[in-house]
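Student:
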Amino acid sequence: MTSMATFIRATITEVEIHARKHLTQRQKLQRWDAMGGCCTVCGKSCDASGPTVIWDHRIPLAMGGTNELSNFE
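The numbering of the sequence shown is numbering that gives the first Met the number 0, which starts it at 0 and goes up by one.
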């Protein structure tokens, strides 16, 4: 009889975790401009200075992502 449990062998890789760094207003505007002034989630035009704008890492810091401007959405 086959067991219902499936075992997955995972490889644990050490990553360097970078300290969280906030974007400057200039960096936010550069990233917003690079995205065509649109939301990265829904694609609609948005205001980069609005209080609901969330700047998030594409690759999380905990997974080896960096604070480079290109890693923000």
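Ideal Cβ positions, reconstructed from N, Cα and C, are used throughout, including at glycine.
Tell me whether the stretch 23 to 33 and the stretch 57 to 67 touch, counting them as touching only if at least three CB pairs, one residue from each stretch, are closer than 8 Å.
Tutor: Because the criterion of three Cβ pairs below 8 Å is not met, the stretch 23 to 33 and the stretch 57 to 67 do not touch.
Student: Between which two residues does the alpha helix (DSSP H) carrying aspartate 46 extend?
Tutor: Indexing the sequence shown from 1 puts residue 46 at position 47. No alpha helix (DSSP H) holds aspartate 46; DSSP gives it neither H nor E.
Student: Between which two residues does the alpha helix (DSSP H) containing glutamine 31 stretch?
Tutor: Within the sequence shown, numbered from 1, the residue matching residue 31 stands at position 32. At residue 31 the sequence reads tryptophan, which differs from the glutamine that was named. 24 to 33 is the extent of the alpha helix (DSSP H) around tryptophan 31.
Student: Go through its chain and collect everything with a Cβ distance to cysteine 38's Cβ below 6 Å, but skip five positions before and after it.
Tutor: Taking the sequence shown and counting its residues from 1, one reaches residue 38 at position 39. Here the set comprises Cys45.
Student: Could you say which of Cys41, Lys43 and Met34 lies nearest to asparagine 70 if we only look at CA atoms?
Tutor: Sequence index remark: in the sequence shown, residue 70 carries index 71 (1-based). Cα-wise, what sits closest to asparagine 70 is Met34.
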